[in-house]
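**Q**
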Amino acid sequence: MGTRMKTTIEISDSLAREARAVAAREETTLRALVEAGLREVLKRRRKVASFRLRDASFGGRGLQPDVAAGGWTSIREAAYEGRGG
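Note that the working numbering has the sequence shown beginning at 24, numbered continuously upward.
#1: Compute the distance between the beta-carbons of L56 and V64, then report whether it is under 8 Å.
#2: For chain D, check one thing: does any of its Cβ atoms lie closer than 8 Å to the Cβ of V45?
#3: Measure from the alpha carbon of K29 to the alpha carbon of each residue in S37, R54 and R40, then state which is nearest.
#4: Is the CB-CB distance between S80 and V90 below 8 Å?
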């Protein structure tokens with residue numbers, strides 16, 4: 024299965040006891056149990072697709088001249104016009 028790397032991990036005593044008990048009950052090794060768990064977590068995290076915002080632009084010619092000249096203040100005022108903002 025390729026090369027292996029020896030490493031040390033620190034886990035709580037209670038988790039280690041429970042993992043050893045499961046490994047013994049399933050007649051496997053603690054290493055195999057840890058590898059299986061790590062593979063499962065990594066597989067689930069790969070499945071989460073990154074968010075992509077769809078392109079909602081349109082073929083206009085930019086801001087209207089009266090809004091473009093005023094900068095962000097006029098854009099904000101136009102956005103909240105009639106909404107009490």
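Even for Gly, the Cβ is constructed at its ideal location relative to N, Cα and C.
**A** According to the structure data:
#1: Numbered from its first residue, the sequence shown carries residue 56 at position 33. Numbered from its first residue, the sequence shown carries residue 64 at position 41. No. Outside cutoff.
#2: Protein chains in the displayed structure number just one, and chain D is not present.
#3: The residue given as residue 29 occupies position 6 in the sequence shown. Selected option, being the one with the closest Cα: R54.
#4: Taking the first residue of the sequence shown as position 1, residue 80 is located at position 57. Taking the first residue of the sequence shown as position 1, residue 90 is located at position 67. Not in contact: S80 and V90 (Cβ atoms no closer than 8 Å).
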